[in-house]
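To start, the structure under review is shown below, and the notes come after it.
In my numbering, the protein residues as written are 30 to 237.
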């Protein structure tokens, strides 16, 4: 993707070329159009740059994971990490006014797990947006976390693109749940059934 300086350089070069080679009676039109284009592009770029990025708290008991996710969020300019916690207790102590726009929450943590931390946090501030960022072993908690009121649930096997998409959707007032999660959950439910129950299994969800 071209940066602002490259776009302006190309626009200036094109303008200069046109002024040299086009008929004199067309030069004014091209000049006016080019000036309008540069003004519109600069205005759009300034709006995009000045758009407020969400503030976040990362809650996970693995320091290296928190540091890695924070680096990616910062590098990709997705948001601003204003706090980190290694368990639910630390998170609740960290949660204060002004509240963050978003919390990325693990489930399996010592002292206080993600479910209890989510319950307590939403009691303190019901409008808080929480996205669960979970390992594959945590799908059994999926429905419980949704019932508590989380706005998203993605797997730690996801790439930064899906993380960014989840954050954008939730910040726009929507929900976001990893497309592979329902398939994994339903397949596990089928495996846990008795042979009689499996005569009418829950149909698996396709990968698309």
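Don't be surprised by glycine CBs; every beta carbon is placed ideally from N, CA and C.
For clarity, every value in this text was computed on a predicted model and none was experimentally measured.
(request) Indicate the three-state DSSP secondary structure (helix, strand or coil) for residue 172 in the structure shown. (result) Translated into the one-based positions of the chain shown, residue 172 becomes position 143. When DSSP states are grouped into helix, strand and coil, residue 172 belongs to the helix group.
(request) Take the Cβ of residue 76 as the centre, count every other Cβ of all protein chains shown within 10 Å, and call the residue buried at 16 or more, exposed below. (result) Start at 1 with the first residue of the chain shown, and residue 76 comes out as number 47. Only weak support exists for where residue 76 lies, its pLDDT of 45 falling under 50; the value from the coordinates is given anyway. With fewer than 16 other Cβ atoms within 10 Å, it is exposed.
(request) Would you check if there are 3 or more beta carbon pairs closer than 8 Å linking the stretch 169-183 to the stretch 138-149? (result) The count of Cβ pairs closer than 8 Å, one atom from the stretch 169-183 and one from the stretch 138-149, reaches three, so the stretches are in contact.
(request) State the Cα-Cα distance for the pair residue 207 and residue 179, rounded to the nearest angstrom. (result) Here the question's residue 207 lines up with position 178 in the chain shown. Here the question's residue 179 lines up with position 150 in the chain shown. Rounded to whole angstroms, the gap between the alpha carbons of residue 207 and residue 179 is 13 Å.
(request) Count the other C-beta atoms from every protein chain shown that fall within 10 angstroms of the C-beta of residue 126, then say buried if there are 16 or more, exposed otherwise. (result) Within the chain shown, numbered from 1, the residue matching residue 126 stands at position 97. Its Cβ having fewer than 16 others within 10 Å, residue 126 is exposed.
(message) Taking the beta strand (DSSP E) that residue 183 belongs to, which residues open and close that run?
(response) Walking along the chain shown from the start, residue 183 turns up at place 154. Note, residue 183: beta strand (DSSP E), 181-184.
(message) Looking at the secondary structure, which residues open and close the alpha helix (DSSP H) in which residue 149 lies?
(response) Start at 1 with the first residue of the chain shown, and residue 149 comes out as number 120. Here the alpha helix (DSSP H) through residue 149 covers 143-153.
(request) Would you give the residue range spanned by the beta strand (DSSP E) that residue 24 belongs to? (result) This structure cannot speak to residue 24, because the chain is shown only from 30 to 237.
(request) Please classify residue 124: does DSSP put it in a helix, a strand, or coil? (result) Taking the first residue of the chain shown as 1, we reach residue 124 at position 95. The DSSP-derived three-state label of residue 124 is coil.
(message) Alpha carbons only, please: which of 135, 189 and 105 is nearest the one belonging to residue 113?
(response) One-based indexing of the chain shown puts residue 113 at position 84. Measuring C-alpha to C-alpha distances from residue 113 to each of 135, 189 and 105 identifies 135 as the nearest.
(request) Per DSSP, which residues does residue 86 bridge with? Please list them. (result) Within the chain shown, the letter at position 57 stands for residue 86. In DSSP, residue 86 forms a bridge with 112 and 132.
(message) Tell me the rounded alpha-carbon separation between residue 215 and residue 199.
(response) One-based indexing of the chain shown puts residue 215 at position 186. One-based indexing of the chain shown puts residue 199 at position 170. For residue 215, the predicted structure reports a pLDDT of 49, less than 50, and the residue's modelled location is therefore unreliable. A value from the coordinates is still provided. Roughly 24 Å separates the two Cα atoms.
(request) Go ahead and label residue 164 buried or exposed: buried means 16 or more other beta carbons lie within 10 angstroms of its beta carbon, across all protein chains shown. (result) Translated into positions along the chain shown, residue 164 becomes position 135. Exposed is the label assigned to residue 164, since fewer than 16 other Cβ atoms lie within 10 Å of its Cβ.
(request) Under the assumption that residue 132 contacts residue 192 (Cβ atoms under 8 Å), give the Cβ distance between them as a whole number of angstroms. (result) One-based indexing of the chain shown puts residue 132 at position 103. One-based indexing of the chain shown puts residue 192 at position 163. Between residue 192 and residue 132 the Cβ distance is about 14 Å, and since that is not below 8 Å, they are no contact.
(message) Taking its Cβ as the centre, do 16 or more other Cβ atoms sit within 10 Å of residue 119, making it buried, or is it exposed?
(response) The residue given as residue 119 occupies position 90 in the chain shown. Looking at its Cβ environment, which holds 16 or more other Cβ atoms inside 10 Å, residue 119 is buried.
(request) Taking residue 86 as the reference, give the member of 104, 103, 109 and 105 with the closest Cα. (result) Counted from its first residue, the chain shown places residue 86 at position 57. Ranking 104, 103, 109 and 105 by Cα distance to residue 86 puts 109 first.
(message) Distance check for residue 162 and residue 98, CA to CA, integer angstroms please.
(response) Residue mapping note: residue 98 aligns to position 69 of the chain shown, counting from 1. Residue mapping note: residue 162 aligns to position 133 of the chain shown, counting from 1. The alpha-carbon separation between residue 98 and residue 162 amounts to approximately 11 Å.
(request) Taking 7 Å as the cut-off, decide whether the C-beta atoms of residue 148 and residue 177 are in contact. (result) Residue numbering aside, residue 148 sits at position 119 when the chain shown is read from its first letter. Residue numbering aside, residue 177 sits at position 148 when the chain shown is read from its first letter. Taking 7 Å as the cut-off, the Cβ atoms of residue 148 and residue 177 count as close.
(request) Please list, in chain order, all residues of the same chain as residue 23 whose beta carbon is under 7 Å from its beta carbon, the five residues on each side excluded. (result) In the structure as shown, the chain begins at 30 and stops at 237. Residue 23 is therefore absent and cannot be evaluated.
(request) Take residue 139 and list the residues in its own chain whose beta-carbon comes closer than 7 Å to its own, dropping the five residues that flank it on each side. (result) Translated into positions along the chain shown, residue 139 becomes position 110. In the same chain as residue 139, and ignoring 5 residues on each side of it, the C-beta atoms closer than 7 Å to its own belong to 90 and 116, in chain order.
(request) Going by DSSP, name the residue or residues bridged to residue 206. (result) Counting from 1 along the chain shown, the entry for residue 206 is found at position 177. DSSP lists 182 as partners of residue 206.
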